[in-house]
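Each remark here refers to the structure printed beneath this line.
Residue numbers (mature numbering (1 follows the signal peptide of the UniProt record, and there is no 0)): -18 to -1, 1 to 89.
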């Protein structure tokens, strides 16, 4: 019985996490032009590695949903030189495009 209760609690926690994804748009051109990708980032926990995407190391603009903020890093592991928090709506012209990973948070 205790195993079942623990399993149900764990399953509920995992289900809540899976629903906490936001969609952000990232482009290699200013004003959301050029090659763009739309990615789902699970807030708070997921470091999204951009390596192998058309925008890797060339992030010129991005759109963040209302109520969220994201941090962008030059590393592929969301550590090292980062942008600090960037709030909604994002930016039309990122002056530090050497980005290889992103992590997002609720406001």
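By construction, the Cβ of each residue, glycine as well, lies at the ideal position given by its N, Cα and C atoms.
- In the three-state scheme derived from DSSP, where H, G and I count as helix and E and B as strand, residue 4 is classed as strand.
- The beta carbon of residue 38 sits closer than 7 Å to the beta carbons of 32 and 82 from its chain, once the five residues preceding and following it are set aside; these are given in chain order.
- A straight-line Cα-Cα distance of about 20 Å links residue 10 and residue 29.
- With distances taken between CA atoms, residue 42 lies nearest to 76 out of 76, 7 and 26.
- A distance below 6 Å between beta-carbons, with the five flanking residues on each side excluded, links residue 40 to the following residues of its chain, in chain order: 10 and 79.
- Residue 49 sits close to residue 89, with the two beta carbons spaced by under 8 Å.
- The secondary-structure analysis by DSSP pairs residue 29 with nothing; it has no beta-bridge partner.
- Checking the DSSP bridge columns, you'll see residue 53 partnered with 85.
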